[in-house]
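Student: Sharing a structure here in C-alpha cells format.
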Amino acid sequence: MLTSVIGYPRIGASRELKFAVEKYFKGESDREELNRVAANLRSAHWNVQKHHGIDFIPSNDFSYYDHVLDTAVLFNLIPERYRALELDPLDTCFAMARGYQGPRGEVKPLAMKKWFNTNYHYLVPEIEDSVQIQVAGSKIFDEYEEAKRQKLETKPVLVGAFTLLKLAKFTGRKKAEHVMADIVRAYQDLLNRLGKQGARWIQLDEPYLVTDLTPEDIRMFTELYRPLLSAKREVKVLVQTYFGDVRDCYETLQILPFDGIGLDFVDGTQSLSLLKQYGFAKEKTLFAGVINGRNIWASRYADVLQTIQDIQQFAQNVVIGPSCSLLHVPYSIQRETRLSKEYTRYLAFAEEKLRELSELKRILSDGNPLETEWYKHNEERFAGVRCEPDKEVRARVAALTDRDFTRLPERPERKEIQKQKFHFPALPTTTIGSLPQTPDVRAARAACRKKSISETEYKQFIFDKIRQCIRRQEEIGLDVLVHGEFERNDMVEYFGECLEGFVFTENGWVQSYGTRCVKPPIIWGDVRRSRPITVEYAVFANQLTNKPVKGMLTGPVTILNWSFPREDLSPKETAFQIALAIRDEVLDLEAHGIDIIQIDEAAIREKLPLRKSDWYEQYLSWAIPAFRLVHSGVKPETQIHTHMCYSQFGDMIREIDAMDADVITFEAARSNLEIVDTLKESGFQTNVGPGVYDVHSPRIPDVDEIKQAIRRMVRTLGSDGLWVNPDCGLKTRGEAETWASLRNLVQAAVEIRAELHS
Ligand code: GLN
Ligand code: ZN
Numbered sequence: 003m004l005t006s007v008i009g010y011p012r013i014g015a016s017r018e019l020k021f022a023v024e025k026y027f028k029g030e031s032d033r034e035e036l037n038r039v040a041a042n043l044r045s046a047h048w049n050v051q052k053h054h055g056i057d058f059i060p061s062n063d064f065s066y067y068d069h070v071l072d073t074a075v076l077f078n079l080i081p082e083r084y085r086a087l088e089l090d091p092l093d094t095c096f097a098m099a100r101g102y103q104g105p106r107g108e109v110k111p112l113a114m115k116k117w118f119n120t121n122y123h124y125l126v127p128e129i130e131d132s133v134q135i136q137v138a139g140s141k142i143f144d145e146y147e148e149a150k151r152q153k154l155e156t157k158p159v160l161v162g163a164f165t166l167l168k169l170a171k172f173t174g175r176k177k178a179e180h181v182m183a184d185i186v187r188a189y190q191d192l193l194n195r196l197g198k199q200g201a202r203w204i205q206l207d208e209p210y211l212v213t214d215l216t217p218e219d220i221r222m223f224t225e226l227y228r229p230l231l232s233a234k235r236e237v238k239v240l241v242q243t244y245f246g247d248v249r250d251c252y253e254t255l256q257i258l259p260f261d262g263i264g265l266d267f268v269d270g271t272q273s274l275s276l277l278k279q280y281g282f283a284k285e286k287t288l289f290a291g292v293i294n295g296r297n298i299w300a301s302r303y304a305d306v307l308q309t310i311q312d313i314q315q316f317a318q319n320v321v322i323g324p325s326c327s328l329l330h331v332p333y334s335i336q337r338e339t340r341l342s343k344e345y346t347r348y349l350a351f352a353e354e355k356l357r358e359l360s361e362l363k364r365i366l367s368d369g370n371p372l373e374t375e376w377y378k379h380n381e382e383r384f385a386g387v388r389c390e391p392d393k394e395v396r397a398r399v400a401a402l403t404d405r406d407f408t409r410l411p412e413r414p415e416r417k418e419i420q421k422q423k424f425h426f427p428a429l430p431t432t433t434i435g436s437l438p439q440t441p442d443v444r445a446a447r448a449a450c451r452k453k454s455i456s457e458t459e460y461k462q463f464i465f466d467k468i469r470q471c472i473r474r475q476e477e478i479g480l481d482v483l484v485h486g487e488f489e490r491n492d493m494v495e496y497f498g499e500c501l502e503g504f505v506f507t508e509n510g511w512v513q514s515y516g517t518r519c520v521k522p523p524i525i526w527g528d529v530r531r532s533r534p535i536t537v538e539y540a541v542f543a544n545q546l547t548n549k550p551v552k553g554m555l556t557g558p559v560t561i562l563n564w565s566f567p568r569e570d571l572s573p574k575e576t577a578f579q580i581a582l583a584i585r586d587e588v589l590d591l592e593a594h595g596i597d598i599i600q601i602d603e604a605a606i607r608e609k610l611p612l613r614k615s616d617w618y619e620q621y622l623s624w625a626i627p628a629f630r631l632v633h634s635g636v637k638p639e640t641q642i643h644t645h646m647c648y649s650q651f652g653d654m655i656r657e658i659d660a661m662d663a664d665v666i667t668f669e670a671a672r673s674n675l676e677i678v679d680t681l682k683e684s685g686f687q688t689n690v691g692p693g694v695y696d697v698h699s700p701r702i703p704d705v706d707e708i709k710q711a712i713r714r715m716v717r718t719l720g721s722d723g724l725w726v727n728p729d730c731g732l733k734t735r736g737e738a739e740t741w742a743s744l745r746n747l748v749q750a751a752v753e754i755r756a757e758l759h760s
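Take a look at the structure:
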C-alpha cells in the first residue's frame with residue numbers, strides 16, 4: 003500500500019511565510035530574504051512527508067499567495083492592466099493578488115472567491131480576448147527541480163484545465179470554447195516539459211468535478227482531456243478530485259486515459275457506491291482519500307480499514323491519502339503545549355495525519371493487522387466517552403417550537419417603526435464593525451495573555467481605543483458607529499473563548515487568503531453562554547456619543563462554519579445550541595439600550611453544499627432557522643443588521659431574505675456590484691448596504707469612484723433603505739488608509755444625497 007498527499011499547508015508552522023511576505027510588502031526586506039524563507043518552508047514540508055514515508059509527495063503546492071493565481075500566471079493569464087505596470091513576475095503576481103497603487107500606476111486586484119465549500123479564498127483568473135495562453139511561468143519546474151536537488155522525487159500539482167476554465171472569468175467576447183485548444187496545448191506542453199525533467203506523476207486538481215455537472219460540462223471536460231492525454235507522454239497523469247463525489251462523471255473518468263483517479267471517500271458520500279456500480283479500470287490507480295483532510299479529529303483505524311477493504315474489492319491498485327489538501331488544517335498538535343493529553347489524544351493535524359497514513363500503511367502490510375501495536379494503540383484512544391452531554395442545553399434545544407424562529411411584527415411594519423425611531427438621512431453611512439488592529443492592539447492583547455499587564459489595564463487600553471475611534475467616526479460624520487472590535491482577535495475565536503464547549507489551539511493557524519490566517523476553534527462539547535460577552539464594551543461605546551452604536555455579534559452559522567465541527571453531533575443541533583447562546587447575548591444588549599445589533603453571518607454562504615440537491619436538506623433547513631432563532635425575541639424597534647462577506651449568494655437570495663434581518667451589508671465592490679442586479683430581480687426585501695469599496699487591499703478609493711458605485715446602486719435599487727458602507731471589516735487595514743477611505747465614503751454619500759434632493 004502506497005500513500006499520497008494532495009497538498010500540504012504552506013504558510014509555515016509559525017506563519018513564517020505570512021510574516022516574510024508582509025515584510026516584503028512593506029519594503030522591509032528584499033526578494034532574497036523572502037525566497038530564503040520560502041525555500042526553507044518547502045524543504046521542511048517535503049522532508050516531514052518523507053519522514054513519514056509518504057510515497058507521493060506534492061510539489062508546487064507551495065504558493066506565495068494562492069495556488070489558483072499561480073496556475074493562471076503559469077499559463078500567462080495576466081490581464082493587460084497588470085502587464086502595463088511592467089513589474090517583474092513575482093510583483094506582478096502580488097499586484098494581481100492585492101492591487102497596486104504606486105509610481106507605476108493604480109490597479110485593483112482580481113476578484114476573490116471562496117474555494118468551494120472551504121474558508122480558503124482564491125483569486126479569480128481573468129481571461130482576456132487578447133491573451134496568448136501558453137506556458138509562461140517557471141515556478142512548477144523550479145520547485146520540482148528544487149526538490150530533486152534535495153533527493154526528493156515529487157509529484158507536481160496544479161489546478162486542472164477544466165476547473166481552471168470553470169473558475170475563470172472571461173472578460174471579453176471569448177468563451178471557454180474559444181480557448182480550449184490553446185489550453186490543451188499549454189497543458190500538453192507542461193506535461194512534456196515535466197516529463198523531460200524526470201517527473202513520473204503529475205496531479206491535476208479537478209475539484210469542480212464534484213459539483214453538479216451539466217451534459218455540456220461533461221462534454222467540455224472530455225474535449226479538454228481526450229486530446230490532452232492522447233499525445234505521447236512520459237509523465238503519468240492523476241486527476242485529483244475532492245470535497246465530494248464525482249457521480250456525474252464517474253464513467254467519463256474511467257473511460258479517459260488517466261493513469262490515476264483521486265476520489266474522496268470522506269465527503270464523497272457516493273464514492274463507494276459508484277465504485278461498486280461501475281467498477282474501476284484495472285490499468286488505473288485509485289488514489290483514495292480515506293482520512294479526513296479538512297477536520298482535526300484523529301481517525302479511527304477500524305473505520306478507515308473497513309473503508310479500504312471495501313474499496314479494494316473493486317479496485318486493484320489503491321493508494322491511500324487524506325480526502326483533500328491538508329491546507330485546511332493546522333500544522334501539528336506537537337505545537338500545542340497547553341492542551342492536555344485528554345484533548346490531544348482525539349486530535350490529528352497535518353503532521354499527525356501523515357503519521358496516521360504511515361501507521362495505516364504498516365498495519366495493512368501486516369499479516370495480522372488487528373494485532374499490530376498501532377492498531378491497538380489507536381483503539382485505546384477511542385475507549386471511553388469523549389465528553390458528556392450538557393443536559394440543560396439539550397433540553398432547551400429539544401423544547402424549541404416554531405414561535406422561537408419567528409420575529410414579529412413582520413418586516414414592513416418594523417421598517418416603519420424603525421424609520422420613526424432612527425430618523426436616518428438618505429443613504430446612511432456605517433462600517434462593518436472592526437477598525438484597524440494596529441500593532442499596539444496586538445501588543446496589549448499579547449501582554450494581557452502573558453499577564454505582563456493586568457486585566458484592568460488591558461480593559462483600560464481597550465476603553466481608550468474605543469474612545470478614540472468613536473471620536474474619529476463622529477468627526478468623519480458616519481451615521482451609525484461601531485466600537486471597533488479591538489478586544490477581538492478574531493470574530494469567531496473571540497466568541498468561542500467566551501462560550502463554553504469550545505477548545506482552542508495556540509498555533510492552529512490555517513490560511514484563509516494570502517497572508518491572512520485564522521485559528522479556528524474546535525467545537526468540543528455542547529455550547530452554552532454562562533455570562534454576557536460584549537455588553538460592557540458596547541454600552542461603554544454607546545454612552546460616548548449621541549449617534550447610535552451597533553452591537554456587534556457573530557452569528558451561529560458562521561461560528562459553526564469557521565470552527566472545526568464535531569462529528570458526533572449534527573450540525574443542526576450544534577448550530578441551534580450556538581444560536582441560543584447568541585440569542586441570550588442579543589437580548590442582553592437590547593436590555594442595555596443597544597438599539598442596533600449586527601449579527602454577522604460572514605460565512606453563511608460557504609458551507610452551502612456543492613450539490614443543489616443537498617442544499618435544503620443538509621443545510622438551509624437549519625442554517626436559516628438558526629439565524630432567526632438568534633433575533634426573533636427582540637422588540638420591533640430594535641434594528642437587526644447582518645453582514646455577509648460573500649457576494650456570490652445570488653443562488654440563495656430568497657433564503658437570505660428569509661433570515662428576516664432589517665439590514666444586510668455585504669461584499670460587492672470586488673465583483674463590480676453585480677449582486678445589485680440580482681437583488682433587484684429577486685425583489686429582495688431586506689434593506690441593503692452593498693460594499694462600495696474593497697477592503698482587502700490597501701488602496702484608497704477616491705470620492706468619485708465611491709460616488710459611481712453609489713449611483714449605480716441607487717439607479718437599480720432606489721435610495722430608500724439603501725446603506726453606504728465598505729465591503730467588510732477594517733481590522734487588517736492600516737490606520738491612514740482606513741480613515742482616508744472612510745472620509746471619502748462619507749463625502750461621497752453626502753454629495754449623492756445632495757444630488758437626490760436637487
Ligand atoms: N464585524 C466583523 C468585522 O468587521 C465582520 C468581519 C467579516 O465579515 N469577516 O471585522
Ligand atoms: Zn465581511
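The numbers in the sequence shown follow this note's numbering, run straight up by one, and end at 760.
For glycine and all other residues, C-beta sits at the position ideal for the given N, C-alpha and C.
Measuring from the CB of residue 604, is there a heavy atom of the ligand ZN at a distance below 6 Å?
Tutor: The answer is yes for residue 604.
Student: Residues in the same chain with beta-carbon distance under 6 Å from residue 455, minus the five sequence neighbours each way, listed in chain order, please.
Tutor: Once the five neighbours on either side are set aside, the close Cβ partners of residue 455 are 449.
Student: Here's the rule: buried if 16 or more other CB atoms are within 10 angstroms of the residue's CB, otherwise exposed. What is residue 587?
Tutor: Buried, by the Cβ-count rule.
Student: Short of 7 Å in beta carbon distance, which residues of its chain neighbour residue 465, apart from the five on each side in sequence? Order them along the chain.
Tutor: Here the set comprises 542.
Student: Quick check on the DSSP output: the beta strand (DSSP E) that includes residue 203 runs from which residue to which?
Tutor: Residue 203 -> beta strand (DSSP E) spans 203-207.
Student: Count the C-beta pairs between the stretch 150-158 and the stretch 726-738 that are closer than 8 Å, then say yes if the count reaches three, no if not.
Tutor: As far as the Cβ criterion goes, the stretch 150-158 does not touch the stretch 726-738, which means the pair count is below three.
Student: Given 8 Å as the limit, is there contact between the stretch 501-509 and the stretch 332-346, that is, 3 or more CB pairs closer than that?
Tutor: Flag = yes, the stretch 501-509 and the stretch 332-346 touch.
Student: Which residue marks the beginning of the alpha helix (DSSP H) containing residue 181, and which one marks its end?
Tutor: Taken as a continuous stretch (DSSP letters only), the alpha helix (DSSP H) holding residue 181 covers 178-199.
Student: Counting only the same chain and skipping the five closest in sequence on each side, list residues whose C-beta sits under 6 Å from that of residue 627.
Tutor: Excluding positions up to five away in sequence, the list reads 407.
Student: Is it true that the CB of residue 696 sits closer than 7 Å to the CB of residue 660?
Tutor: The answer is no: Cβ separation not under 7 Å.
Student: Sort out for me which residues DSSP pairs residue 595 with in a bridge.
Tutor: Paired residue(s): none; residue 595 is not in a bridge.
Student: How is the alpha helix (DSSP H) around residue 1 delimited, first residue to last?
Tutor: In this structure the chain extends from 3 to 760, so residue 1 is not present and cannot be described.
Student: With a CB to CB cut of under 6 Å and the five nearest residues on each side skipped, what residues in its chain are close to residue 337?
Tutor: The residues are 509.
Student: Under three-state DSSP, which class holds residue 222?
Tutor: Of the three classes helix, strand and coil, the one that applies to residue 222 here is helix, per DSSP.
Student: Span of the alpha helix (DSSP H) holding residue 741?
Tutor: Counting along the chain, the alpha helix (DSSP H) containing residue 741 begins and ends at 737-759.
Student: Taking 6 Å as the line, does the beta carbon of residue 251 fall inside it for any heavy atom of the ligand ZN?
Tutor: It does not: the Cβ of residue 251 is nowhere closer than 6 Å to a heavy atom of the ligand ZN.
Student: Bridge partners of residue 160, per DSSP?
Tutor: Bridge partners of residue 160: 206.
Student: Counting Cβ pairs closer than 8 Å, one from the stretch 325-332 and one from the stretch 346-365, do we hit at least three?
Tutor: Yes, the stretch 325-332 touches the stretch 346-365.
Student: Compare the C-beta of residue 509 with all C-beta atoms of chain D and state if any pair is closer than 7 Å.
Tutor: No chain D appears in this structure, which consists of one protein chain only.
Student: Can you tell me which of the three DSSP states residue 646 falls into?
Tutor: Looking at residue 646 - three-state DSSP - the assignment turns out to be strand.
Student: Measure the beta-carbon distance from residue 481 to residue 549 and round it to whole angstroms, keeping in mind my assumption that it falls under 8 Å.
Tutor: With 8 Å as the limit, residue 481 and residue 549 qualify as a contact, their Cβ atoms being about 7 Å apart.
Student: Residues in its own chain within less than 6 Å of residue 439 by CB, not counting five upstream and five downstream?
Tutor: Correct list, in chain order: 733.
Student: Between residue 746 and residue 716, is the Cβ-Cβ spacing less than 7 Å?
Tutor: No; because the gap between Cβ atoms is not below 7 Å, this pair is not in contact.
Student: Residue 436 by DSSP, collapsed to three states: which one?
Tutor: Three-state DSSP puts residue 436 in a strand.
Student: Rounded to a whole number of angstroms, what is the C-alpha to C-alpha distance between residue 618 and residue 110?
Tutor: C-alpha separation (whole angstroms): 36 Å.
Student: Scan the stretch 520-596 and note each continuous alpha helix (DSSP H) run of 4 residues or more that stays entirely inside, going in chain order.
Tutor: Fully enclosed alpha helix (DSSP H) runs of 4 or longer: 537-544, 558-563 and 573-593.
Student: Are three or more beta carbon pairs between the stretch 84-98 and the stretch 164-181 nearer than 8 Å?
Tutor: They do not touch, by the three-pair rule.
Student: How far does the beta strand (DSSP E) with residue 404 in it reach, from first residue to last?
Tutor: From DSSP, residue 404 is part of no beta strand (DSSP E); its letter is neither H nor E.
Student: Look up residue 518 in the DSSP assignment and say whether it is helix, strand or coil.
Tutor: Strand at residue 518.
Student: Identify which residue in 639, 123 and 64 has its Cα closest to the Cα of residue 413.
Tutor: Ranking 639, 123 and 64 by Cα distance to residue 413 puts 639 first.
Student: What is the DSSP secondary structure of residue 715, counted as helix, strand or coil?
Tutor: It is helical.
Student: Can you find a heavy atom of the ligand GLN that lies under 6 Å from the Cβ of residue 736?
Tutor: Result no, Cβ not under 6 Å from the ligand GLN.
Student: Apart from the five residues just before and just after residue 585, which ones in its own chain have a Cβ nearer than 7 Å to its Cβ?
Tutor: 631, 632 and 635, listed in sequence order.
Student: Consult DSSP for residue 122 and reduce its assignment to one of helix, strand or coil.
Tutor: Coil, per DSSP.
Student: Can you give me the Cβ contacts of residue 368 inside the same chain, cut-off strictly under 6 Å, excluding the 5 residues immediately before and after it?
Tutor: Contacts found: 374.
Student: For residue 281, I'd like the list of residues in its chain whose CB is within less than 7 Å of its CB, leaving aside the five on either flank, ordered along the chain.
Tutor: Hits under 7 Å: 316.
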